[in-house]
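J.:
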Amino acid sequence: MDPNIKLVRSDYQKAVLQERADKGVYELLLVDGNEQITEGSRTNVFFVKGNELYTPPAQAVLLGIVRKKVFEICAKRQIPINETAIPVEWVKEAEGAFVSGTGNNVLPISKIGDHLIPTMENPVVQAIMADYAELVRMYKEENKH
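Position 103 (the sequence shown) corresponds to 102 in numbering that gives the first Met the number 0; numbering is contiguous.
1) Excluding sequence positions up to five away, which residues of its chain have a Cβ less than 7 Å from the Cβ of Ile72?
2) Which class does Ile116 belong to by DSSP, given the choice of helix, strand or coil?
3) Could you tell me if Ala14 is buried or exposed, where buried requires 16 or more neighbouring beta carbons within 10 angstroms of its beta carbon?
4) Kindly indicate the opening and closing residues of the alpha helix (DSSP H) around Gln125.
5) Tell me, please, which residues DSSP counts as bridged to Ile108.
6) According to the neighbour-count rule (16 or more other Cβ atoms, all chains shown, within 10 Å of its Cβ), is Met0 buried or exposed?
7) If Val47 sits next to Ala93, beta carbons under 8 Å apart, how far is it from one beta carbon to the other, in whole angstroms?
8) Note the first and the last residue of the continuous beta strand (DSSP E) segment covering Ala96.
9) Under the three-state reduction of DSSP, which class applies to Val90: helix, strand or coil?
10) How far does the alpha helix (DSSP H) with Val65 in it extend, from its first residue to its last?
11) Just to confirm before moving on: does the CB-CB distance between Ile78 and Leu62 stay below 8 Å?
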């Protein structure tokens, strides 16, 4: 599936809004025909297993600015990032998860479907969230008028 479809198809956007409202959720994760998670309806998605980050490969997602910043934070902290296909079943093994996006910054995921994810206790996610919040704070400070 072309990740750019999110930008050009208004019927897609309406369907996503309706689905989120029907399910009472903040975000939906998109799954391709191979039962692999590709991204959120308006975000990029990351999972933690061990001390490593996993995210779908760049060619499968609409690349975001915050995603790029997450990669920079991970490089600085020497947190390995694996760009790989993420099967839906893999969610059960995740030790942490978050989405990133311009309007969402770095937002922890606590539940996917019926599966609870201990994201708020995960030190990798906490470090990334703290570093990103600091980047935003510094940007705002430098760009005061």
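Cβ coordinates follow ideal geometry from the N, Cα and C atoms, glycine included.
T.: In short, the structure shows the following:
1) Excluding positions up to five away in sequence, the list reads Ile127, Asp130, Tyr131.
2) Coil, per DSSP.
3) Residue environment: Ala14 is assigned as exposed (fewer than 16 neighbouring CB atoms within 10 Å of its CB, all protein chains considered).
4) Looking at the DSSP string, the run of the alpha helix (DSSP H) that includes Gln125 is 122–141.
5) Partner residues in a beta bridge of Ile108, as assigned by DSSP, do not exist.
6) Note that Met0 has pLDDT 48, beneath the 50 cutoff, so the model's placement of it is unreliable and the number below is only indicative. Exposure of Met0 is indicated by the presence of fewer than 16 other C-beta atoms within 10 angstroms of its C-beta.
7) Distance from Val47 to Ala93 at the Cβ level is roughly 7 Å; contact confirmed, criterion being Cβ atoms closer than 8 Å.
8) Under the DSSP assignment, Ala96 falls in the beta strand (DSSP E) whose first and last residues are 95–100.
9) In the structure shown, Val90 falls within a helical segment according to DSSP collapsed to helix, strand and coil.
10) It spans 64–76 - the alpha helix (DSSP H) in which Val65 sits, taken as one unbroken run.
11) Taking 8 Å as the Cβ cut-off, Ile78 and Leu62 do not qualify as a contacting pair.
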